[in-house]
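Chemist: Sharing a structure here in structure tokens format.
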Amino acid sequence: METITLTTAQALVKFLNQQYIHVDGKEFPFVEGIFNVFGHGNVLGIGQALEQDPGHLKVIQGKNEQGMAHAAIAYSKQMLRQKIFAVSTSSGPGSANVITAAATAHANNIPVLFIPADTFASRQPDPVLQQMEQEYSIAVTTNDAFLPVSRYWDRITRPEQLMSSLLRAFEVMTDPGKAGPATICIAQDVEGEAFDYDVKFFEKRVHYVDRKAPHERELEGAVKAIKSSKKPLILVGGGAKYSEARESLIAFSEKFNVPLVETQAGKSTVESDFKNNLGGMGITGTLAANKAAKEADLIIGIGTRYTDFATSSKTAFDFASAKFLNINVSRMQTYKFDAFQVVADAKTTLDRLIPLLDGYESDFGSRIGVLKEEWLTERERLGRVEFSREGFNPEIKNHFTQEILNEYADALNTELAQTTALLTINDTVEKDSTVICSAGSLPGDLQRLWHSSTPNTYHLEYGYSCMGYEISGALGVKLADPSKEVYSFVGDGSFLMLHSELITSLQYKQKINVLLFDNSGWGCINNLQMDHGSGSFDCEFRTADNQIMNIDYAKVAEGYGAKVYRANTVEDLKAALEDAKKQDISTLIEMKVLPKTMTDGYDSWWNVGVAEASNSESVQKANDSRKAKLQEAKQY
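Numbering follows the UniProt record's numbering, with no gaps: position 553 of the sequence shown is 553.
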């Protein structure tokens, strides 16, 4: 056996350089690069290995461990899970900072390789710097917290363990049915330990991602379910996007007159302009999609997890008449709603079903066009909202008194409505630009109002809805396609949570555009509490003497070196967007928007915990309403 002497860290880097993926006849490297924040535990091991010979790996210095990990997640998501970045952190707090991001990757089924440094395998210097001590086990470290948020987890305490561990990690990350984060914790003394590795371990290795075809039994059952239905509806999830099923979805929808509705992850699989696309479904969905869902007698879920937002907490459908057909590469997901299960690739399954359904047509008829036109009229209305000191015309979600709204207008020096700003942006940016968001009220506005004219240009992390993903993720999206503009939609609350990778975008000349909607508070959560009987408590950004805070966020970004704009009117916003297109560095457009000017729900309901005992009559009423609604909710 021919061997080569390498440290564990050097072997890791050499192995990563030789991993390839094969998809639909195309073969290319699977690992694009490695994000890092060097510190105690990784700088002398992985840091030394990367300095010595990174191979083709792009080495990117992050500014915050969670931030750079979110960038890695967004990169993989935008690349349809066909390429990844690895993430290297120091031990202790550096590793702990990544756990939130690992949970984000897990919830969204996104492959990322996390390499958090660990304590000493020898235990000679224990307790080492940044090591916790537990009475019940000396073996427990910070990295055990990765266990519930990883698809694969291992701890390396011997150099030779790396070989079997990496093979298993890449098997998981390249399997569409169980793709997600792999975490390999490497003891810091082992990172530098040398071993004679078999050279065959470093030969080119190709991971084949073959499309799983449906079984004949599955096809027969699916055909029977569809032909027995009068009004089938396709729910397009993220799995349909990763399957690149756009053409198949359009062909199926057109031939059989079946409407499409979307989850947040599925949006932009098929462009918004497609005649049968009724937009997002559920709590953040359109009126058209939610009406169609109630009318449907067969829900064809394609690549969806059926989260509570997509299903309006399992009240979106007429369970008295609706049945379910689920197509998913994950067997677990196909079982939801007691559906007929097709465990197979979305595109392959649709292509096989189309000829088998020849002659079938749904009873939706012209109803799809009527619903779409009705919604487009409402969308246009939402884009023309104007503030008046006597009251909004037309009205939007509004729990505040006119006096408080006027106070905000004066404090923030603005009369700009959030929906008006969003549609202005949609009309102004280039149609092939990618928009990214994650948390707050903006995901609802985007799913309802944003028209994606180009496939795979809508990037929402809503599996975990992690505040702080928006700007970090924009960097990952830009790395995935540097030729296209990227626009990060972020509220002031999320901006304050995490925006460190804006600096990284400037450092590596990866231009991103940050669209900061500032309503001086956590407006989405403020709506949640006031929707359910509570007052406005501790969600507005006010000083100790109850003054609304007016923070100059543009100055923060300007200090980093970004090109900044302040736009509190439609005219200023258009001008800022046009000028931002001309820039070759990252930009930030700060918009002061009035609270309560986001969209409200359309025929949807969200099941949230409400106090069952309260001295507030409005809270009691909200609890009674919830109990009544639960009577129609399903438990699957």
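C-beta: ideal position from N, C-alpha, C; glycine also. These numbers come from a predicted model, not from an experiment.
If you count every other CB in all the chains shown that lies within 10 Å of the CB of E65, and 16 or more means buried, which is it?
Modeler: Here residue 65 refers to the residue found at position 65 of the sequence shown. E65 comes out buried.
Chemist: Going by DSSP, name the residue or residues bridged to D118.
Modeler: Position 118 of the sequence shown, counting from 1, holds the residue named residue 118. Answer is A187.
Chemist: By the three-class DSSP mapping on this structure, what secondary structure does Q591 have?
Modeler: As a working note, residue 591 is residue 591 in the sequence shown. A small fix is needed here, since residue 591 is Met in this sequence, not Gln. Note: M591 maps to strand in three-state DSSP.
Chemist: Counting Cβ pairs, one atom from each stretch, are 3 or more of them under 8 Å apart for the stretch 135-145 and the stretch 112-119?
Modeler: Result yes; three or more Cβ-Cβ pairs closer than 8 Å.
Chemist: Any contact between the stretch 69-78 and the stretch 198-212? By contact I mean 3 or more CB pairs, one from each, below 8 Å.
Modeler: No, the stretch 69-78 does not touch the stretch 198-212.
Chemist: Quick one: complete beta strand (DSSP E) runs, 3+ long, within the UniProt region "Thiamine pyrophosphate binding" (441-521)?
Modeler: Counting only runs of 3 or more, we get 458-460, 486-491, 513-518.
Chemist: When the Cα atoms are used, what is the spatial distance from L484 to Q78?
Modeler: Translated into positions along the sequence shown, residue 484 becomes position 484. Translated into positions along the sequence shown, residue 78 becomes position 78. Checking the sequence shown, residue 484 turns out to be Lys, not Leu. Whole-angstrom Cα-Cα distance: 12 Å.
Chemist: What are the start and end residues of the alpha helix (DSSP H) that includes W375?
Modeler: Within the sequence shown, the letter at position 375 stands for residue 375. From DSSP, the alpha helix (DSSP H) with W375 extends over 367-382.
Chemist: What would DSSP say about L80, mapped onto helix, strand or coil?
Modeler: To locate residue 80, count along the sequence shown from 1; it is residue 80. DSSP places L80 in coil when its eight states are reduced to three.
Chemist: Could you compute how far the alpha carbon of K372 sits from the alpha carbon of K26?
Modeler: Here residue 372 refers to the residue found at position 372 of the sequence shown. Here residue 26 refers to the residue found at position 26 of the sequence shown. Roughly 38 Å between the two C-alpha positions.
Chemist: On the DSSP letters alone, give me the boundaries of the beta strand (DSSP E) that N108 sits inside.
Modeler: Numbered from 1 along the sequence shown, position 108 holds the residue referred to as residue 108. Run containing N108: none in the beta strand (DSSP E); it sits in the alpha helix (DSSP H), 99-108.
Chemist: Under 7 Å between the Cβ atoms of L80 and Y242?
Modeler: Residue numbering aside, residue 80 sits at position 80 when the sequence shown is read from its first letter. Residue numbering aside, residue 242 sits at position 242 when the sequence shown is read from its first letter. Yes. Within cutoff.
Chemist: Under 8 Å: do the stretch 472-489 and the stretch 556-564 share three or more Cβ pairs, one atom per stretch?
Modeler: No: the two stretches stay apart, fewer than three of their Cβ pairs being nearer than 8 Å.
Chemist: Put P54 into one of helix, strand or coil per three-state DSSP.
Modeler: Within the sequence shown, the letter at position 54 stands for residue 54. P54 falls in the coil class under three-state DSSP.
Chemist: Nearest to S465 by CA position, among T599, C524, L412, K231, is which residue?
Modeler: Here residue 465 corresponds to residue number 465 of the sequence shown, with the count starting at 1. When only C-alpha atoms are compared, the closest one is C524.
Chemist: Quick check on K270: does DSSP put it in helix, strand or coil?
Modeler: Locating residue 270 in the sequence shown gives position 270, counting from the first residue. The amino acid at residue 270 is misidentified as Lys; the sequence shows Val. If DSSP states are grouped into helix, strand and coil, V270 belongs with coil.
Chemist: Do S165 and I184 count as a contact pair if the criterion is CB distance below 7 Å?
Modeler: Here residue 184 corresponds to residue number 184 of the sequence shown, with the count starting at 1. Here residue 165 corresponds to residue number 165 of the sequence shown, with the count starting at 1. It is a contact, given that the beta carbons lie within the stated cut-off.
Chemist: What is the residue span of the beta strand (DSSP E) that K224 lies within?
Modeler: Numbered from its first residue, the sequence shown carries residue 224 at position 224. Looking at the DSSP string, K224 is not in any beta strand (DSSP E); the run it does join, the alpha helix (DSSP H), is 216-227.
Chemist: Would A105 and V98 be called neighbours here (beta carbons separated by less than 7 Å)?
Modeler: Reading the sequence shown from its first residue, position 105 is the one you call residue 105. Reading the sequence shown from its first residue, position 98 is the one you call residue 98. Going by C-beta atoms, A105 is not nearer than 7 Å to V98.
Chemist: Helix, strand or coil, according to DSSP, for L298 in the structure here?
Modeler: Numbered from its first residue, the sequence shown carries residue 298 at position 298. Strand.
Chemist: At a cut of 8 Å, does the stretch 233-242 reach the stretch 265-273 through at least three beta carbon pairs?
Modeler: Yes, since at least three Cβ pairs between the stretch 233-242 and the stretch 265-273 fall closer than 8 Å, the two stretches touch.
Chemist: Whole angstroms are fine: how far does the CA of E254 sit from the CA of G280?
Modeler: To locate residue 280, count along the sequence shown from 1; it is residue 280. To locate residue 254, count along the sequence shown from 1; it is residue 254. Each residue's Cα considered, the two are about 19 Å apart.
Chemist: Give me the Cα-Cα distance between S248 and A289, rounded to the nearest whole angstrom.
Modeler: Translated into positions along the sequence shown, residue 248 becomes position 248. Translated into positions along the sequence shown, residue 289 becomes position 289. S248 and A289: Cα-Cα distance of roughly 20 Å.
Chemist: I need the straight-line Cα distance from T284 to V199, nearest angstrom please.
Modeler: In the sequence shown, the residue the question calls residue 284 occupies position 284. In the sequence shown, the residue the question calls residue 199 occupies position 199. When rounded, the distance between both Cα atoms is 53 Å.
Chemist: Can you give me the C-alpha to C-alpha distance between C437 and D445, rounded to a whole angstrom?
Modeler: By 1-based counting over the sequence shown, the position of residue 437 is 437. By 1-based counting over the sequence shown, the position of residue 445 is 445. Computed Cα separation, rounded: 11 Å.
Chemist: Can you give me the C-alpha to C-alpha distance between H56 and V514, rounded to a whole angstrom?
Modeler: Numbered from 1 along the sequence shown, position 56 holds the residue referred to as residue 56. Numbered from 1 along the sequence shown, position 514 holds the residue referred to as residue 514. Going from the Cα of H56 to the Cα of V514 covers about 30 Å.
Chemist: Using a 10 Å radius around the Cβ and a threshold of 16 neighbouring Cβ atoms, would you call Y636 buried or exposed?
Modeler: Against the sequence shown, residue 636 aligns to sequence position 636. By the 10 Å Cβ count, Y636 comes out exposed.
Chemist: Can you tell me where the alpha helix (DSSP H) holding T315 begins and where it ends?
Modeler: Indexing the sequence shown from 1 puts residue 315 at position 315. Neither: T315 is in no alpha helix (DSSP H) and is coded neither H nor E.
Chemist: Who are the near neighbours of I548 in its chain, counting only those whose CB is closer than 8 Å to its CB and skipping five residues on each side?
Modeler: Numbered from its first residue, the sequence shown carries residue 548 at position 548. Around I548: E407, Y408, A411, L412, S520, E540, F541, R542.
Chemist: Return the first residue and the last residue of the beta strand (DSSP E) that I156 is part of.
Modeler: Here residue 156 refers to the residue found at position 156 when the sequence shown is read from its first residue. Start and end: 152-156.
Chemist: With 16 as the cutoff for other CB atoms within 10 Å, does E32 come out buried or exposed?
Modeler: Residue 32 sits at position 32 when you count from the first residue of the sequence shown. With 16 or more other Cβ atoms within 10 Å, it is buried.
Chemist: Please go through the same chain and pick out, in chain order, the residues whose beta-carbon is closer than 8 Å to the beta-carbon of V223, but skip the five residues on each side of it.
Modeler: Taking the sequence shown and counting its residues from 1, the one referred to as residue 223 is at position 223. Counting only Cβ-Cβ distances below 8 Å, and skipping sequence neighbours, we find L353, L356, L357.
Chemist: Applying the criterion that 16 or more other CB atoms from any shown protein chain within 10 Å of the CB defines a buried residue, is H215 buried or exposed?
Modeler: The residue labelled residue 215 in the question sits at position 215 within the sequence shown. Label assigned to H215: exposed.
Chemist: Going along the chain, which residues of its own chain have a beta-carbon closer than 6 Å to the beta-carbon of K629, five neighbours each way excluded?
Modeler: As a first step, residue 629 must be located in the sequence shown, where it is residue number 629. Excluding sequence neighbours, K629 sits near W605.
Chemist: Are three or more beta carbon pairs between the stretch 373-387 and the stretch 576-588 nearer than 8 Å?
Modeler: No, they do not touch.
Chemist: Among the residues of its own chain, which have a CB less than 7 Å from the CB of E632, if the five just before and after it don't count?
Modeler: The count along the sequence shown starts at 1 and reaches residue 632 at position 632. Same-chain partners within the cutoff: T315.
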